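Peer 1:
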Amino acid sequence: MLETLVSQLTDPFRIGLILFLFLTALRTRAAMGLAMPLGLGVVFVAILLPLTTGANAATDNGARLTAMACGVVSNAIILGCFVSGWAVWKKARQ
9 MLETLVSQLT DPFRIGLILF LFLTALRTRA AMGLAMPLGL GVVFVAILLP
59 LTTGANAATD NGARLTAMAC GVVSNAIILG CFVSGWAVWK KARQ
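Our numbering numbers the first residue of the sequence shown as 9 and each following residue consecutively.
Here you go:
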């Protein structure tokens, strides 16, 4: 399980999806808010990647559910890094 989490944390495709999810949420935060789009996006990416990529070629549902659960955790960690960096950058600009 730890191997799955580490591989997801270093996946450049996942990092890119979360980065552009964050940038899109920043642009639309006046109309949509920030928490709900980011939360739903984290769950969406966590479900999407194990179902569509061949990286986790798991045939049983248990392995897919484990990959999705680890995906939610890794996406939240990656998003937390981006949000923290944005907050520090915003604070430094003031």
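For each residue, glycine too, the CB sits at the ideal point set by N, CA and C.
What you are looking at is a predicted structure, and each value in this text was computed from that prediction instead of being measured.
(1) Helix, strand or coil: how does DSSP classify Thr32 here?
(2) Are the beta-carbon atoms of Leu46 and Leu29 separated by less than 8 angstroms?
(3) If I'm right that Ala75 touches Thr12 with Cβ under 8 angstroms, what's the distance once you round it to whole angstroms?
(4) What are the boundary residues of the alpha helix (DSSP H) that includes Gly119?
(5) Would you mind giving the Cβ-Cβ distance between Asn83 and Ala43, rounded to the nearest angstrom? I have them listed as a contact below 8 angstroms.
(6) For Gln102, name the three-state secondary structure that DSSP assigns.
(7) If you draw a straight line from the C-alpha of Ala100 to the C-alpha of Arg22, how long is it?
(8) Return the Cβ separation of Gln16 and Gly93 in integer angstroms, given the expectation that the two are a contact with Cβ distance under 8 angstroms.
(9) Let me check understanding here. Comparing Cα to Cα, which of Phe52, Ile86, Ala71 lies closest to Thr18?
Peer 2: Short version:
(1) Of the three classes helix, strand and coil, the one that applies to Thr32 here is helix, per DSSP.
(2) When the beta-carbon positions are compared, Leu46 and Leu29 come within less than 8 angstroms of each other.
(3) Confirmed, Cβ separation roughly 6 angstroms.
(4) No information on residue 119 is available, as it lies outside the stretch 9 to 102 that the chain covers here.
(5) Their Cβ separation, rounded to whole angstroms, is 15 angstroms, which puts Asn83 and Ala43 out of contact at 8 angstroms.
(6) In this structure, Gln102 counts as coil in the three-state DSSP scheme.
(7) Put simply, the backbone Cα of Ala100 is about 28 angstroms away from that of Arg22.
(8) Not a contact, Cβ separation roughly 19 angstroms.
(9) Of the listed residues, the one whose Cα sits closest to Thr18 is Ile86.
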